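Same order as they appear, the protein sequences are chains A and B.
Numbering-wise, the first sequence is residues 247 to 967 according to this note's numbering.
Numbering-wise, the second sequence is residues 820 to 1026 according to this note's numbering.
Beta carbons are placed, not taken as given, at the ideal position from N, Cα and C, and that holds for glycine.
The structure presented is a predicted model; accordingly, all values stated were derived computationally and were not measured.
Okay, structure first, notes after.
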Amino acid sequence: MFQHYQPYLFFLIAVLFSFTSSAQHTVSGVVTQANGNPIMGANVYLEGTYDGATTTEDGTFSFETSEEGTYTLVISFISFEPYRKVGLISEMKGLTIILKEDLNTLDTVVLSAGTFEASDNSKVSVLKPLDVVTTASALGDFVGALQTLPGTTTVAEDGRLFVRGGDAGETQVFIDGIRVFTPYTPTTNNIPSRGRYSPFLFDGITFSTGGYSAEYGQALSSVLLLNTVDEPDQEKTDISIMTVGAGLGNTQIWGDTSLSINASYINLAPYVAAFPDRNDWEKPFEAFAGEGVFRKKMKNGMLKWYAAFDATRFALTQEDINLSEGLYFKLNNNNLYTNASYEGELSDTWNLLAGGSYTYAINDIKVMDGDVTNTNHSAHMKVKLKKRFNSRVKLYLGGEQFLSDFEEQFQDPNFQASYGYQNDISALFAETDLTFSRKFAVKLGLRSEYSPLFDQATVSPRASLAYKTSKNGQISVAYGDFYQQPNQDILKFEQDLEARKTQHYILNYQYVADNRIFRAELYRKDYANLVTFSSEMPTLGDTFENGGDGYAQGLDLFWRDNKSIKNFDYWISYSYLDSERKYRNYPTAARPPFANEHNLSVVGKYWIDDWRSQVGFSYQYGSGRNYTNPNESGFLQQQTKSYNNISLNWAYLLSQQKILYFSVQNALGFRNVNGYQYANTPNPAGTFDRRTLRPAADQFFFVGFFWTISDDKRDNQLDNL
Amino acid sequence: MKTIITIAICLFTFTGVAQNQYEKGMQKAFELWQENKPLEAANLFERIGNAESDKWLPYYYASQIYILQSFNEKDETALKAKLETALNFLNDAKTNSDNNPYVMTLEALYYTAWIAYDGQKYGMKYAGKVTQLYEKAIAISPENPIFILAKAEWEIGSAKYFGQPLDPYCKDIQRAIDLFATFEPEGQFYPSYGAERAPEVLEMYCK
């Protein structure tokens, strides 16, 4: 009987087997890149199950699953965007899946024209945050470190940034995206000013020498963007004792909230007493500065509040060819800056930045027997929205409002005047980032501004594009129109003017590989509507017109290498600049004194492990600067000799938390000449006498001791030096 | 960095009687890792993590594999891609287990990878974070020799460099050795490496 049923039994078993195997599906296919190359090692799986496989060398995968119905097939692989496909498992056979490149990876092309970054997380970072403080010539001033980059010109007696033939007023500074109205410490003739803010509160610095985003306006030549630290690592106290003063910093953290404060006191009296300089100081430079950052991390964003107050005082008599008793100058400056910003996510794809700043500055100046008092209230409010459509398309929209109220009183025995202005500017901007592939990206922007003071509306298009020419090389081009109102020193006397205008054309090549960076940038900048007047300096009652124009063009080269020689990191910057302009009281178009032709910087740092020391040097060269010799015909027709400066520094780590720091500026004692001052009237022999404008001191020495107290005993202030 | 890679070669000999899918999956992943197929192992850990929304260990190991892989990586683009992937998994592990000292220790290793790649660039930035993470982990779990060893090993190197006394760190290492003697992993598949490593470290710095 059993024999009889055997075939049926076999049949039954066969049916059962085929039934179970029909419940076991095979998911199979191949994963490739857009160009057809197979991807090996991708993770292919059904979401929420353990069923999956890793693709083989030829990109194929195949795995069994007992799941039924509709599932999401997920494919993930490093440096590619995850792929998801919803479907019936039974239909997931012989699939061909093309993964899209993740455009956030390092080898994606970046819009680099005009931009230098100092940060750790950027793809185009040419400086590291530490460089700001370990560059020998910088003396802890972030502006000083940026002056070693190409595109800046050497104007040693000024200390501010002069970019590509532009004057110092053509660069604007922003903290966390919000404008800073008074970024430099006040000073007088022939004494360089410094960046007002301590570098240690910032962890990202972007310096753009042209062609920047539509987000930024009111800058003809350049923008400098500083970002405050998001999250401090730990609570700590920093103490610094220097030959010129002392500083104290403290950071407190309470969960998602933190506060860093920093106070410093600088007094040059002991230094000037030990090393007298060419000025006759009645009250040597004294400055008190306090600043703080409060940060609160919220669920979807970050709130930051930054405030800084500083007070500067000094009085001195400087030599003057026209005044036998010298020129007396006294300054009292109080400056308050506060800035609050919020950045956060509104949804998965929308991001909001909102913030504002307020500046209150009072200057009390005495020049000989004249008294100048001015107050400046300025504010900036800004809202920016970012919409991320996908990793390839991003849109930015924003609006901002600037408010400025400036008043000045002048008084001397014979004359008294009071003048000023109120200047509000409204702006809207829109910009889009289009990344077509890892090789090709475009940024297009438009900015429009309205000034009630001038009743003038301006529209500035901006565009940049980048194309990757090889694995490590890329070309970018940028174009933009930029408007900026005349500076305060003119606006306070005359408001019936128009905004000045520049147009930038930039062609950039960049090669980045293996801790080496090479950049070459060609540019052309055209100036229009520059302000002209008749006296040497802007004065009340003069005639001011937008009649000037000019151009700047040149080549900037940058090379940095910290690979070739062990423990040695160096960079070389060279800039060639050709620039002429007709503005101010220039009778003809001429190269201004601040726009010299050749500039070279070489900065090196060597870490000596056995000595636990970093030694650094920097060399700066600037070719001669133009000046007018009234004994000969012509205007700005002669040149000073070239400028040379070698600075050395040495940072010695006594322990993890104690650092001894030495630095000397102009170690070889080059006798630099910044220019000449000619007498207003000729001497009996009929020639105009002159006085050489030399730096107040040829050399400067600095010794500091920096001590950090923290729980982990590891942190130190190398980044503050 | 060899030392850290040796730490990672952890052998799991799990002999369960009634294995559920999770246990089978995890064991399979460890087998792949042992067979020197780290990518396959990481992929499987990722799949398990994806399917088990309350488990942190799969993501922990997926992240660890990428971090360890990065230590040998010389190419910056590849290094950053690996560490970015590792960070994603690390964050997934954090999401599934908040305030977990093992995850903190792994995060410390993640920052150590950056420091190992470019000490000049990332040393100052991340050294404080690494120490802080170890301290946090020890505060939560003061008797765990894994954390004690990791912190002591991290600190003893720089103490030696600055010619500071090594005694406190040697004491910590000795304490870790003592604790390892009776140490039982807190749960199934929990990290348990370090018992062989600790005497080597002691030998290297303290003898």
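Host alpha helix (DSSP H) of T381/A (start-end): Working through the first sequence from its first residue, we reach residue 381/A at position 135. Premise fails: T381/A is in no alpha helix (DSSP H) and is neither H nor E.
Collapsed DSSP secondary structure at D297/A in the structure displayed: Along the first sequence, one-based indexing puts residue 297/A at 51. Coil, per DSSP.
Nearest-angstrom Cα separation, counted from F686/A out to N669/A: Here the question's residue 669/A lines up with position 423 in the first sequence. Here the question's residue 686/A lines up with position 440 in the first sequence. Rounded to the nearest angstrom, the two C-alpha atoms are 41 Å apart.
Chain B within 7 Å of Y852/A, Cβ atoms only: Within the first sequence, residue 852/A is the residue found at index 606, counting from 1. False, the Cβ-Cβ gap to chain B never drops below 7 Å.
Chain B contact residues for I421/A, given Cβ-Cβ distances below 8 Å: By 1-based counting over the first sequence, the position of residue 421/A is 175. Per Cβ cutoff of 8 Å: no residues; I421/A is ~20 Å from chain B at best.
Backbone CA spacing between F948/A and V922/B [nearest angstrom]: Start at 1 with the first residue of the first sequence, and residue 948/A comes out as number 702. Start at 1 with the first residue of the second sequence, and residue 922/B comes out as number 103. The alpha-carbon atoms of F948/A and V922/B are separated by roughly 45 Å.
Inter-stretch contact (C-beta, 8 Å, three-pair minimum) for the segment 459-475 of chain A and the segment 395-412 of chain A: yes
Own chain residues within Cβ distance below 7 Å of S722/A, not counting five before or after: Here residue 722/A is taken as the residue at index 476 of the first sequence, counted from 1. L357, S358, A359, S710, L711, A712 and N754.
is_contact[S268/A, chain B] using C-beta, thresh 7 Å: The count along the first sequence starts at 1 and reaches residue 268/A at position 22. At S268/A the pLDDT is 47, less than 50, meaning the model places this residue with poor confidence and gives no usable figure here.
At least 3 beta-carbon pairs within less than 8 Å: the segment 885-896 of chain A vs the segment 905-919 of chain A: yes
Beta-carbon proximity check, R994/B vs Y296/A, cutoff 7 Å: Mapped onto the second sequence, residue 994/B falls at position 175. Mapped onto the first sequence, residue 296/A falls at position 50. No, the Cβ-Cβ distance between R994/B and Y296/A is not below 7 Å.
Beta-ladder partner(s) of S821/A, from DSSP: Walking along the first sequence from the start, residue 821/A turns up at place 575. Answer is D802/A and N845/A.
Secondary structure of L998/B, DSSP reduced to three states: On the second sequence, position 179 is the one that residue 998/B refers to. DSSP places L998/B in helix when its eight states are reduced to three.
Alpha helix (DSSP H) segments (min. 4 residues) lying fully within the segment 837-915 of chain B: 840-853, 857-870, 876-889 and 895-915
7 Å Cβ cutoff, Y296/A in contact with chain B: In the first sequence, counting from the first residue as 1, residue 296/A sits at position 50. So yes, Y296/A belongs to the interface.
Where N869/B meets chain A, residues with beta-carbon distance less than 8 Å: Walking along the second sequence from the start, residue 869/B turns up at place 50. Here the neighbours are Y291, E293, G294 and V320.
Residue(s) in a DSSP beta bridge with N875/A: Residue 875/A sits at position 629 when you count from the first residue of the first sequence. DSSP lists no partner for N875/A.
Chain-ordered chain B contacts of D353/A [CB-CB under 8 Å]: Here residue 353/A refers to the residue found at position 107 when the first sequence is read from its first residue. Ordered by position in chain B, the residues that pass the 8 Å Cβ test against D353/A are T896.
Chain-ordered neighbours of D479/A on chain B, where CB pairs are closer than 8 Å: Translated into the one-based positions of the first sequence, residue 479/A becomes position 233. Under the 8 Å cutoff, chain B gives G947, K948 and Q951.
Within chain B, partners of G287/A - CB distance below 7 Å: Translated into positions along the first sequence, residue 287/A becomes position 41. Residues of chain B passing the Cβ test: L858.
Proximity test, Cβ basis, 7 Å: W953/A and chain B: Looking up residue 953/A in the first sequence gives position 707. With 7 Å as the cut-off, W953/A does not count as an interface residue toward chain B.
Contacts around K689/A, its chain only, beta-carbon distance under 8 Å, and the 5 residues preceding and following it disregarded: Within the first sequence, residue 689/A is the residue found at index 443, counting from 1. Closer than 8 Å at the Cβ level, and outside the excluded window around K689/A, lie L357, S459, E677, T678, D679, L680, R708, A709, S710 and L711.
As assigned by DSSP and simplified to three states, the class of L1021/B: Counting from 1 along the second sequence, the entry for residue 1021/B is found at position 202. Looking at L1021/B - three-state DSSP - the assignment turns out to be helix.
Classification of I811/A by the beta-carbon crowding that lies within 10 angstroms, buried from 16 upward: Locating residue 811/A in the first sequence gives position 565, where the first residue counts as 1. So I811/A counts as exposed.
G973/A, enclosing alpha helix (DSSP H) - first and last residue: The structure shown does not extend to residue 973/A, since chain A is modelled only from 247 to 967, so the question has no answer here.
Where D815/A meets chain B, residues with beta-carbon distance less than 9 Å: By one-based count along the first sequence, residue 815/A stands at place 569. Under the 9 Å cutoff, chain B gives Q939.
Candidates L776/A, L345/A and Q655/A, of which the one nearest A280/A by Cα: Translated into the one-based positions of the first sequence, residue 280/A becomes position 34. Of L776/A, L345/A and Q655/A, the residue nearest in Cα terms is L345/A.
Residue-chain proximity (I567/A, chain B), Cβ-Cβ < 7 Å: Counted from its first residue, the first sequence places residue 567/A at position 321. For I567/A, the answer is no, since every Cβ of chain B falls outside 7 Å of its Cβ.
T318/A beta carbon near the ligand GDP (any heavy atom closer than 6 Å): You won't find the ligand GDP in this model; it holds no ligand whatsoever.
For Q951/B, the first and last residue of its enclosing alpha helix (DSSP H): In the second sequence, the residue the question calls residue 951/B occupies position 132. Looking at the DSSP string, the run of the alpha helix (DSSP H) that includes Q951/B is G938 to I959.
Span of the beta strand (DSSP E) around F307/A: Locating residue 307/A in the first sequence gives position 61, where the first residue counts as 1. Here the beta strand (DSSP E) through F307/A covers T306 to T311.
Supposed close pair G950/A, Y907/A - CB separation, criterion 8 Å: Looking up residue 950/A in the first sequence gives position 704. Looking up residue 907/A in the first sequence gives position 661. Going by Cβ atoms, the distance from G950/A to Y907/A rounds to 4 Å, so yes, they are a contact pair.
DSSP-derived helix/strand/coil call for V777/A: Against the first sequence, residue 777/A aligns to sequence position 531. Strand, per DSSP.
Y552/A: first and last residue of the uninterrupted beta strand (DSSP E) it sits in: Reading the first sequence from its first residue, position 306 is the one you call residue 552/A. It spans G547 to D566 - the beta strand (DSSP E) in which Y552/A sits, taken as one unbroken run.
Chain A contact for G844/B (CB, 7 Å cutoff): As a working note, residue 844/B is residue 25 in the second sequence. So, interface residue.
Residue-chain proximity (F981/B, chain A), Cβ-Cβ < 7 Å: Counted from its first residue, the second sequence places residue 981/B at position 162. With 7 Å as the cut-off, F981/B counts as an interface residue toward chain A.
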